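One structure is given below, encoded as structure tokens.
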């Protein structure tokens with residue numbers, strides 16, 4: 001058991017390192033990041049200044065090492081778009097994200113458990129087939145497509161729910177449905193079994 005756990009932990013570490021290297025390397029996919037950060041019409045001196053300030057003048061392996069050490073210490077850098085530290089932006093939005101996750105889980109459980117129980121009580125009935133259809137569609141349909149469908153019908157066509165914001169509990173209904181519907185089939189099948 002210990003061997004299996006250590007092996008899985010080792011694989012997880014390798015995957016995390018691989019993902020971080022690939023993510024870090026994507027900075028260079030669109031060309032020189034210093035040119036992009038300096039903006040249009042920037043002089044060569046401005047571009048060199050950006051390279052020096054952001055460390056793009058160093059070898060990429062040193063850039064990655066520096067970035068990794070800072071990330072492990074909680075310094076995720078500075079957002080040029082929001083003009084704020086990335087860690088503070090994440091922590092500022094974390095409560096809303098956690099609330100949305102909890103609402104999505106609640107939606108999934110409130111839908112999946114009754115459907116799973118009904119399907120278990122009446123196997124091979126019309127109710128079981130409806131529950132199975134819901135499960136198949138839920139697993140097959142991408143959550144972003146379901147979210148767009150909800151926005152189109154509930155938000156734009158029928159104007160039942162708001163499509164943006166977080167000011168009211170109504171703002172969490174559609175995103176919770178979109179995210180929770182994807183979880184529903186797995187919970188429903190477990191309940192039915």
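In this note's numbering, the protein residues as written are 1 to 193. Quick reminder that beta carbons are idealized off the backbone N, C-alpha and C, glycines included. Bear in mind that the values here come from a model prediction, so they are computed numbers and not experimental data.
Margin query: Nearest by alpha-carbon distance to residue 142: which of 116, 185, 172, 83 is it?
Written below: 185
Checklist line | Close Cβ partners of residue 151 (< 7 Å) along its chain, the five nearest in sequence each way excluded | finding: 163, 174
Note to self: Beta-carbon within less than 8 Å of residue 37's beta-carbon, same chain only, minus the 5 sequence neighbours each way: which residues are those?
What the structure shows: 50, 54, 80
Next item on the list: My understanding is that residue 101 touches residue 187, with C-beta atoms under 8 Å, so please give their C-beta distance in whole angstroms.
Entry: No, residue 101 and residue 187 are not in contact; Cβ-Cβ is about 15 Å, not under 8 Å.
Notebook entry, point to check: Would you say the region 5–15 touches the region 40–48, given that touching needs at least three Cβ pairs under 8 Å?
Noted result: no
Item checked: Residue closest to residue 195, alpha-carbon to alpha-carbon, out of 178, 136, 135 -> Residue 195 cannot be examined here, being either before or after the span of the chain that is shown, 1 to 193.
Margin query: Taking only three categories from DSSP, how would you classify residue 168?
Written below: coil
Notebook entry, point to check: According to DSSP, which residues form a beta bridge with residue 79?
Noted result: 84
Notebook entry, point to check: Using the rule of at least 16 other Cβ atoms within 10 Å of the residue's Cβ for burial, across every protein chain shown, is residue 138 buried or exposed?
Noted result: buried
Margin query: Please report the straight-line C-alpha distance between residue 167 and residue 111, rounded to a whole angstrom.
Written below: 25 Å
Item checked: Proximal residues to residue 146 (C-beta, below 7 Å), its chain only, five neighbours per side dropped -> 178, 181
Next item on the list: Could you please give the first and the last residue of the uninterrupted alpha helix (DSSP H) stretch that includes residue 188?
Entry: 173–192
Check: Mapping DSSP to helix, strand and coil, what is residue 98?
Finding: helix
Note to self: Quick check on the burial criterion: 16 or more other C-beta atoms within 10 angstroms. Buried or exposed for residue 125?
What the structure shows: exposed
Check: Excluding the five sequence neighbours on either side, which residues of its own chain have a C-beta within less than 6 Å of the C-beta of residue 109, listed in chain order?
Finding: none
Check: Under 8 Å between the Cβ atoms of residue 183 and residue 105?
Finding: yes
Next item on the list: Measure the alpha-carbon distance for residue 119 versus residue 127 and round it to whole angstroms.
Entry: 6 Å
Notebook entry, point to check: Straight-line CA distance for residue 35 to residue 96?
Noted result: 35 Å
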